[in-house]
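>
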Amino acid sequence: MRKGDWIDKFNVKIVSFADRPDLLGNEETVYVVKDIFTTRDGSWEPGKSDPGAVQQWARDTYLRAFSAPDYFDDAGADHHLFSRVEAADGKHVVEAPIVYWSDGLGKLEDPRYDGYVNVKTKERSGWGNVVLSPGANYYPDQGKSGPWSMKVKGASEIVTGLGMPVSMHVSFFVVWQAVPRSQVVGATSALAQVTAAVTAAVGSAQAAISAGVGVVVSGASAILETPDVPADPPKVYPEGVSGIRQAAWDTVGINYNPEAAFSRYAREHGLAIPLTNEFDVNGYRCQGFVGGIVYAKIGDWGNVQHATW
Numbered sequence: 014m015r016k017g018d019w020i021d022k023f024n025v026k027i028v029s030f031a032d033r034p035d036l037l038g039n040e041e042t043v044y045v046v047k048d049i050f051t052t053r054d055g056s057w058e059p060g061k062s063d064p065g066a067v068q069q070w071a072r073d074t075y076l077r078a079f080s081a082p083d084y085f086d087d088a089g090a091d092h093h094l095f096s097r098v099e100a101a102d103g104k105h106v107v108e109a110p111i112v113y114w115s116d117g118l119g120k121l122e123d124p125r126y127d128g129y130v131n132v133k134t135k136e137r138s139g140w141g142n143v144v145l146s147p148g149a150n151y152y153p154d155q156g157k158s159g160p161w162s163m164k165v166k167g168a169s170e171i172v173t174g175l176g177m178p179v180s181m182h183v184s185f186f187v188v189w190q191a192v193p194r195s196q197v198v199g200a201t202s203a204l205a206q207v208t209a210a211v212t213a214a215v216g217s218a219q220a221a222i223s224a225g226v227g228v229v230v231s232g233a234s235a236i237l238e239t240p241d242v243p244a245d246p247p248k249v250y251p252e253g254v255s256g257i258r259q260a261a262w263d264t265v266g267i268n269y270n271p272e273a274a275f276s277r278y279a280r281e282h283g284l285a286i287p288l289t290n291e292f293d294v295n296g297y298r299c300q301g302f303v304g305g306i307v308y309a310k311i312g313d314w315g316n317v318q319h320a321t322w
């Protein structure tokens, strides 16, 4: 999944199938979030520092010229929630049914709730949208999120927390990808195994600490050490923040690689300190952090994601 620079800053969240397996239902085709980004004041010019400004990759991927067969006629709308669904071959789905609502995720459990706004994506551009009213204003700098949520009708991941941050004219764009149910169920199952293994290791470490025994957590195993092991000579670290970070990783017994995709991803998403080294399970490379489990399919390093514990 590609995520625009302002999505996390605006406190927008993606509720994944790993977070809510119940969203999968029994359908053979399910929808996962592929891309999510913003524009500010209807502009698609990248490189601006304005909150909500678009990134180059989003412009290159989705903005279309007037003469294009899939010309995006609504692209300049400046306070809207846009939705798009792509089939397995990457082509947009015509009249894909999108569900919007503004009363919280809990309404999904309420069979009497009738506040949904149902929209179908356009035939030519592949995009659908709803316009935001002043009531969608919120203050992300105070930890608040917007009132709106959206999903594809059926088995779909949810995007929630959408709105007008500090009344700015920001539009949000969400693209879902249709994938076979088996692909998502396999990944969710693998993550469940990772979670169980790492949770057991952390539990063993905590028990050892409570008993007064030193412990180093490595991979998914807790290795106990006696307190009287002679200390190693002091290690020399680089100057500055990089040295501090390397020393901190050494302290918890984790292999430090400043260029590793997982450590960069964890810093960018505020997942705090690592709990494990990298390890493999069912075709996935994984690493546990305090704020979640970072993972990617082996060989697909451009698609790093994370799941909650």
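Adding 13 to a residue's 1-based position in the sequence shown gives its number in the numbering used here. For each residue, glycine too, the CB sits at the ideal point set by N, CA and C.
Can you tell me whether residue 322 is helix, strand or coil according to DSSP?
Look at residue 322 here: in three-state DSSP terms it is coil, with no helix or strand label.
> Can you tell me whether residue 190 sits near the ligand COA, meaning its C-beta is under 7 Å from at least one heavy atom of the ligand?
Questions concerning the ligand COA fall outside what the structure shown contains, since it holds no ligand whatsoever.
> State buried or exposed for residue 155, treating a residue as buried only when at least 16 other CB atoms are found within 10 Å of its CB.
exposed
> Please identify the residue among 17, 15 and 45 whose C-alpha is closest to the C-alpha of residue 195.
45
> Sort out for me which residues DSSP pairs residue 99 with in a bridge.
105 and 190
> So, helix, strand or coil for residue 202, using DSSP?
Note that residue 202 scores 46 on pLDDT, short of 50, meaning its location in the model is unreliable; the coordinates nonetheless yield the value given after this. Residue 202 falls in the helix class under three-state DSSP.
> Return helix, strand or coil for residue 70, following the three-state DSSP convention.
helix
> Give the DSSP-derived three-state secondary structure of residue 309 in the structure shown.
Three-state result, residue 309: strand.
> Would you report the Cα separation of residue 142 and residue 302, rounded to the nearest angstrom?
36 Å
> Compare the Cα-Cα distances from residue 300 to each of 319, 313, 56 and 283 and report the closest residue.
Looking from the CA of residue 300, the closest CA among 319, 313, 56 and 283 belongs to 319.
> What distance in whole Å lies between the Cβ atoms of residue 64 and residue 177, which are believed to be in contact at a cut-off of 8 Å?
About 11 Å; that fails the 8 Å criterion.
> Among all the DSSP beta bridges, which residues are the ones paired with residue 141?
Beta-bridge pairing links residue 141 to 96.
> Between residue 51 and residue 138, how many whole angstroms is the CB-CB distance? I'm expecting something under 8 Å.
With a Cβ gap of about 18 Å, residue 51 and residue 138 do not count as contacting.
> Spell out the partners DSSP gives residue 300 in its beta bridges.
307
> Taking only three categories from DSSP, how would you classify residue 233?
In this prediction, residue 233 has a pLDDT of 44, which is less than 50 and means its spatial position is unreliable; what the coordinates show is noted afterwards. Note: residue 233 maps to coil in three-state DSSP.
> Could you please give me the residues that DSSP links to residue 150 through a beta bridge?
Answer by DSSP bridge pairing, in chain order: 177.
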